[in-house]
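Step one of this worksheet: look at the structure below.
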Amino acid sequence: MDYLNIPLKANDGKTYALKDFNGSKVILYFYPKDDTSGCTLEARDFTQLKDDFEKKGYTIIGVSKDSVKSHQDFCEKHDLSILLLSDPNQELIKAFDVLGEKSMYGKTFMGILRSTFILDENGTIIKEMRNVKSTGHAQNVLDLL
């Protein structure tokens, strides 16, 4: 579980590795880009349901390759209260194998496939949801718990 030791900077200015969350369960979600329609919807939904996740013992962590500054602006603009990690070198993104071929307007490119992982108190993946749609996803994850 090498993915537990990858340090990434967050929107709160601190650096975290997933091992820092040992003892608490984690909802780890990967998303393509700050301030796009689908990613904004997903982040807002996770923020709105944050208390419900916390009551069940879960910490929500979002990851994209956007910069810390971009994450901070994104959180401020949309009043987000979740932790967002910046992975510009795609270390965690590659460790969770969420980089894949996408297409838009007839062009093919590599990008982050919207995916969510539920981790137990030891950081072990207990459920993965790959290539999900943003609409209703946060509620679907909550319903699974």
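In terms of this note's numbering, the numbers along the sequence shown are unbroken and rise by one, the last being 148. In this text, a Cβ means the ideal position worked out from N, Cα and C, and glycines have one as well.
Where the beta strand (DSSP E) containing T62 begins and where it ends: Y61 to S67
Which residue wins for smallest C-alpha separation from P35, given the options L88, N143 and I128? L88
On the premise that H74 lies in contact with D23, defined as a C-beta separation below 8 Å, what is that separation, rounded to the nearest angstrom? Contact flag wrong, Cβ pair sits at about 17 Å.
Check this for me: beta carbons of F99 and L31, under 9 Å apart or not? Yes, the pair counts as a contact, with Cβ atoms nearer than the cut-off.
Does the Cβ of N116 have 16 or more other Cβ atoms within 10 Å, making it buried, or fewer, making it exposed? Reading off the sequence shown, one finds Leu at residue 116, where the question assumed Asn. Buried is the call here.
From which residue to which residue does the alpha helix (DSSP H) around V144 run? Following the DSSP letters along the chain, one finds V144 inside the alpha helix (DSSP H) bounded by residues H140 to L147.
If you draw a straight line from the C-alpha of E79 to the C-alpha of Y19, how long is it? A straight line joining the alpha-carbon of E79 with that of Y19 spans about 20 Å.
Closest by C-alpha distance to T119, when choosing among I129, T111 and T43: I129
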